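Numbering (our numbering), first residue to last: 6 to 159. Encoded as structure tokens, the structure appears first; notes follow it.
See below:
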């Protein structure tokens, strides 16, 4: 019998692959966000209360700091993806706040919401990394065409 739930390793693998791609092929914004995202994840995991009896205060603080990093990047960037990433991270903070206000919020809903917002921030970073890589590749192709105007394609 198969479980309808995806393995958590798929999300973890996508997260790590996205951060690695951002560090390897991304620009300044992508690299800053990837490092901050990796630090946020490590700190959140280190401060995780495995009882899930209430608000995850350590994760709340780590997510708030990560939101501030995303907000600064979004305000200084020429790209739009950091705005989406900051918005999704703000929703993660609001999930923590909802857990604080409503003590009857179940652990399953709290965990699921956190996973959803994390994956959406990851998708935003992946899109930003891909767009930066594509733009850099197009510039390199244009520079090559200008450098050798008599060249033909095979």
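C-beta: ideal position from N, C-alpha, C; glycine also. What you are looking at is a predicted structure, and each value in this text was computed from that prediction instead of being measured.
Notebook entry, point to check: Candidates 119, 35, 111, 114: which alpha carbon is nearest residue 65's?
Noted result: Taking the chain shown and counting its residues from 1, one reaches residue 65 at position 60. Of 119, 35, 111, 114, the residue nearest in Cα terms is 119.
- Query: Can you name the start and end residues of the alpha helix (DSSP H) that residue 46 belongs to?
  - Reply: Within the chain shown, the letter at position 41 stands for residue 46. Counting along the chain, the alpha helix (DSSP H) containing residue 46 begins and ends at 33–51.
For the region 108–157, which segments carrying the alpha helix (DSSP H) assignment without a break, of at least 4 residues, lie completely within its bounds, in sequence order? 112–152
Could you check how far apart the C-beta atoms of residue 95 and residue 72 are, in whole angstroms? I think they sit under 8 Å. Numbered from its first residue, the chain shown carries residue 95 at position 90. Numbered from its first residue, the chain shown carries residue 72 at position 67. Right, their Cβ atoms sit about 6 Å apart.
Among 149, 145, 135, 151, which residue has its Cα nearest to the Cα of residue 36?
-> Your numbering for residue 36 matches position 31 in the chain shown. The shortest Cα separation from residue 36 among 149, 145, 135, 151 belongs to 135.
**Report entry** Cβ separation of residue 100 and residue 115, assumed to be a contact under 8 Å, to the nearest whole Å
**Finding:** Here residue 100 is taken as the residue at index 95 of the chain shown, counted from 1. Here residue 115 is taken as the residue at index 110 of the chain shown, counted from 1. Right, their Cβ atoms sit about 7 Å apart.
Check your understanding: Taking Cβ to Cβ, would you say residue 124 is nearer than 9 Å to residue 31?
Key -> Sequence index remark: in the chain shown, residue 124 carries index 119 (1-based). Sequence index remark: in the chain shown, residue 31 carries index 26 (1-based). No.
Residue 47 to residue 56, Cα distance in whole Å? On the chain shown, residue 47 is found 42 positions in, with the first residue counted as 1. On the chain shown, residue 56 is found 51 positions in, with the first residue counted as 1. Each residue's alpha carbon lies about 18 Å from the other.
Exercise. Quick one: measure Cβ to Cβ for residue 102 and residue 23, integer angstroms, because I've assumed they're closer than 8 Å.
Key: Here residue 102 corresponds to residue number 97 of the chain shown, with the count starting at 1. Here residue 23 corresponds to residue number 18 of the chain shown, with the count starting at 1. Residue 102 to residue 23, Cβ: 27 Å. No contact.
> Taking residue 83 as the reference, which of 12, 137, 13 has the closest Cα?
Replying inline: The residue labelled residue 83 in the question sits at position 78 within the chain shown. Closest option to residue 83, Cα to Cα, is 137.
Please confirm whether residue 80 and residue 38 have their CB atoms less than 9 Å apart.
The residue you call residue 80 lines up with position 75 of the chain shown. The residue you call residue 38 lines up with position 33 of the chain shown. Against a cut-off of 9 Å, the Cβ pair of residue 38 and residue 80 comes out as no contact.
Q. Taking the alpha helix (DSSP H) that residue 94 falls in, what are its first and last residues?
A. On the chain shown, position 89 is the one that residue 94 refers to. Residues 86–106.
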